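When you line the sequence shown up against my numbering, it's residues 722 to 1021, in that order.
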Amino acid sequence: MSSQEADEYKNDPNVQENSEAFCKIFIGGIKLETTEETMREFYGKFGEITDCVIMKDPHTKRSRGFGFVTYKHKPMVDECMKNRPHEIDGKTVDPKRAVPKDASNKNESNISSKRLYVSGVKDSHTEDMFRDYFTTYGNVEKVEIIVDKSTGKPRGFAFVSFDDYDPVDQCILEKSHTIEGSRCDVKKALSKDEMAKAQNQRDRQQRFHQTRGPGGRGGGGYQGGGWNQGGGGGYGGGYDQGYGGWNGGQQQGWAADAGAGWGQQGGWGAGQQGGWAGQQGGQQQWGAGQGNGWGRGGHQ
722 MSSQEADEYK NDPNVQENSE AFCKIFIGGI KLETTEETMR EFYGKFGEIT DCVIMKDPHT
782 KRSRGFGFVT YKHKPMVDEC MKNRPHEIDG KTVDPKRAVP KDASNKNESN ISSKRLYVSG
842 VKDSHTEDMF RDYFTTYGNV EKVEIIVDKS TGKPRGFAFV SFDDYDPVDQ CILEKSHTIE
902 GSRCDVKKAL SKDEMAKAQN QRDRQQRFHQ TRGPGGRGGG GYQGGGWNQG GGGGYGGGYD
962 QGYGGWNGGQ QQGWAADAGA GWGQQGGWGA GQQGGWAGQQ GGQQQWGAGQ GNGWGRGGHQ
């Protein structure tokens, strides 16, 4: 199967509707007293649930303040997310689409973002094309195709801003997108401060792993979070706290269009504005005076 055929298969609505990757949500900020039965009852309003779990400390068996709900079909997740905010046991919780760890940078999965980084931008692409395409995911507030100041030509990437974080998560779940016949890949666009916050959360999680050890119920290797549960612990760099394995793999670079290895070192906002560091053959530093201090991964 060619890469284009694989993309078409993955983006087929019939495939998405029944794939667990598109049917699972993460719920953060759950009260320690909330039970799985209460959570199942609340989220059952939006569709048939096939699995519901609140993650627990492997030693104390107390709730860790987050959990997962899996629906039978993707439209049920869409309905659930459309009906935010959610309040359970008198507390507003934070539902998000659960993003598998192979679909998202480990650090960026911690942070909700309304801004999307798009690679693979061609000279023929226009901002209107991107606006028309991404409007199918949510309300697009702004599209920025980054151009070279001297030539006026696109530098191969763009930013799309939504009015909500859920469209960004939807786009990332699908990984690659075909826009006007060309493949474009997407990541969350995060500021340097957001990336630093995500790394700090991940560091805290790793220390927690070392002192408490893994445990719990396996499921699929999902990431995200950034919630503290009050009594120590807390979770940050991955959902895989016993739910689908521990996140100990190598920092994998992300291959963008034309074989460029845009690794984890990138990030808009080195110094004042601009300054995107990538890898394409060797380390290159871009300082175009644009970008508004946003990052796509790693740190400066």
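Every residue gets a Cβ at the ideal spot worked out from N, C-alpha and C, and that includes glycine.
Fair warning: this is a prediction, and the values are worked out from it, not measured in the lab.
Please tell me whether residue i and residue j are closer than 8 Å, where the distance is taken between their beta carbons.
i	j	result
F789	V774	yes
F851	A879	yes
P875	H846	yes
K918	Y838	no
K822	S833	no
D815	T759	no
G768	H794	yes
I770	R761	yes
I748	F787	yes
D906	G859	no
Within 10 angstroms of its Cβ, does residue i collect 16 or more other Cβ (buried), or is it exposed?
i	result
L753	exposed
R836	buried
E862	exposed
G902	exposed
N739	exposed
G873	exposed
T791	buried
D778	buried
D849	exposed
T813	exposed
With DSSP run on the structure shown, which of helix, strand or coil describes residue i?
i	result
E741	helix
P796	helix
L911	strand
P888	helix
E762	helix
G947	With a pLDDT of only 45 at G947, under the threshold of 50, the placement of this residue in the model should not be trusted; the figure read from the coordinates follows. Here G947 sits in coil by DSSP.
E754	coil
Look up residue i in the DSSP assignment and give the residues it is bridged to.
i	result
V861	F883
R904	T899
E808	T813
D772	T791
P875	V868
G749	F787, D815
K777	S784
Check whether the Cβ of residue i lies closer than 8 Å to any Cβ atom in chain D.
i	result
P816	In the displayed structure, chain D is absent; only one protein chain is listed.
Nearer than 7 Å: is that true of the beta carbon of residue i relative to any heavy atom of the ligand MG?
i	result
G786	By its list of ligands, the structure shown contains no ligand whatsoever, and the ligand MG lies outside what it can speak to.
> Which parts of the stretch 810 to 855 are runs of the alpha helix (DSSP H), unbroken and 4 residues or longer, counting only runs that do not cross its ends?
Replying inline: Counting only runs of 4 or more, we get 848 to 855.
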